[in-house]
Ligand code: SME
């Protein structure tokens, strides 16, 4: 749950990080993950997975290392998002049958898809693990959807 005012600030600061055209896109995305990790309440782990063929490959992230560096489409919350072409909000991962465990501190999760700005194809996703049950709702999804759109445009331009 994120207030409208905080979401506005996070979105404009995310845009500012992505707009640093003189820096490599990889560095801007790493900074963005750290920024979201620090600013989104209850975010324990924040990362991007890129869709490569039928697999999701771990990209930049902030938080503890994860063993899930490669996730097949259809597996876990991340792979389900791609298979269903649908963002995922899991209030309590302990009740989720297709959850791939990363860190014991994770109690909830949100996955928001990143689409190619022109073709509309899925190019990746933002994945956030929360350290509280029910940490995320539609307000987080809306904010991350807007950030995903900015990420897609920044990559497309770079
Ligand atoms: N929990 C995810 C795996 C990725 S980690 O959260 C970083 C899943 O179920 O797909």
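Numbering (our numbering), first residue to last: 28 to 185.
Beta carbons: idealized from backbone N, C-alpha and C, even for Gly.
Between the beta-carbon of residue 156 and that of residue 88 there is about 10 Å, and that puts the pair past the 8 Å contact cut. Under the DSSP definition of a beta bridge, residue 152 partners with 76 and 140.
If you draw a straight line from the Cα of residue 131 to the Cα of residue 84, it comes to about 22 Å. The alpha-carbon of residue 52 is positioned some 15 Å away from that of residue 62.
For residue 123, the CB contacts under 6 Å within the same chain, skipping 5 residues up- and downstream, are 117 in chain order.
Proximity of the region 132-149 to the region 105-121 meets the contact definition, three or more beta-carbon pairs being nearer than 8 Å. By the neighbour-count definition (other C-beta atoms within 10 Å, threshold 16), residue 129 is a buried residue.
As the crow flies, the alpha-carbon of residue 127 is around 29 Å from that of residue 144. In the three-state DSSP reduction, residue 37 falls in the helix class (H, G or I).
Taking a 10 Å sphere around the C-beta of residue 65, we find fewer than 16 other C-beta atoms and assign the residue as exposed. Of the other Cβ atoms in all chains shown, 16 or more fall within 10 Å of the Cβ of residue 105; this residue is therefore buried. Close CB contacts of residue 98 within its chain, under the 6 Å cut and outside five residues either way in sequence, are with 83, 105 and 106 (chain order).
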